[in-house]
Amino acid sequence: MSTREQNEKPFFSLGLFPPLADPHKEKNGKKRNSGQPARKKRLVGRYFLNDEKRADWDVYFMEIAHRVATRATCDRKHVGSLIVRNKTILSTGYNGSIRGMAHCDGVGHLMEGGHCVRTTHAEANAIIQAARNGVKIEDSEIYITASPCWNCFKLIANAGIICIKYGEFYRDERILGAAKELGLELRLIGV
Ligand SMILES: [Zn+2]
Ligand SMILES: [Zn+2]
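Residues 82 to 272 in my numbering are what the sequence shown lists, from first letter to last.
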């Protein structure tokens, strides 16, 4: 992905961000006379879409991963994950406690070595959700709002996932060398 594409702002919002303002409107609601024909826009549900440019698939899935992250229960970091093959969502996950146990939000963090270890991480939960439902995830791609920790990277690699698309780089540089050695694609998708 080019720097220009990475720097582009998403043109629709899933509720995490306020809807983008119409660039052709002044604050008082009057149309700005730019000499250019007004761009066609349409309101779909709560989202303001630009007809000239549909959502790129990577932006589309990463925006959904950010939405999934809003379910996370450890406020030290909210992470969301999505497993996708052939433009189809197979599974989702966010970081949260063991099923049925108290959440960090309720009882505080479970700290160990400077990290909260109460939660199962988002990408691990996405793999687990697929396993619980008998969904094959081999040769799929995983979208994660933050790059995987070393343990999750190992799960992803052994699950047969072939591409990791992450929203921000998170801490563990061991994944860079390992991904290269394995031929596992790592891509930053800024939205
Ligand atoms: Zn926590
Ligand atoms: Zn992890």
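Every residue, glycine too, gets a C-beta built ideally from N, C-alpha and C.
Residue-level contact to chain D via CB, residue i, 8 Å cutoff
i: S221; result: No chain D is present in this structure, which holds just one protein chain.
Residue of the options minimising C-alpha distance to residue i
i: C197; options: G189, K246, R135; result: G189
i: N176; options: H159, G248, V140, E262; result: H159
i: V149; options: W138, D137, R157, S172; result: S172
i: C155; options: G264, G194, R135, A203; result: A203
i: G195; options: R157, R180, K235; result: R157
i: G187; options: A212, G215, A153, E193; result: A153
i: F234; options: R213, V216, L263; result: L263
i: A260; options: I243, V272, G271; result: I243
i: Y247; options: G271, L191, N214; result: G271
i: N232; options: D137, R213, R255; result: R255
CB contact flag (residue i, residue j, <8 Å)
i: G241; j: I209; result: no
i: L269; j: I245; result: no
i: N206; j: G181; result: no
i: G161; j: A183; result: no
CB-CB length for residue i against residue j, believed under 8 Å
i: C185; j: T200; result: 7 Å
i: A238; j: L265; result: 6 Å
Contact test: residue i Cβ vs ligand 4 heavy atom, cutoff 7 Å
i: R152; result: No copy of ligand 4 occurs in the structure displayed; its ligands are ligand 1 and ligand 2 alone.
Give a yes or no on contact between the segment 159-171 and the segment 204-224, applying the rule of three or more CB pairs nearer than 8 Å. yes
Should the segment 248-262 be called in touch with the segment 228-237, which here means at least 3 C-beta pairs below 8 Å? yes
Near ligand 2, which residues have their beta-carbon closer than 5 Å to a heavy atom? H202, C230, C233
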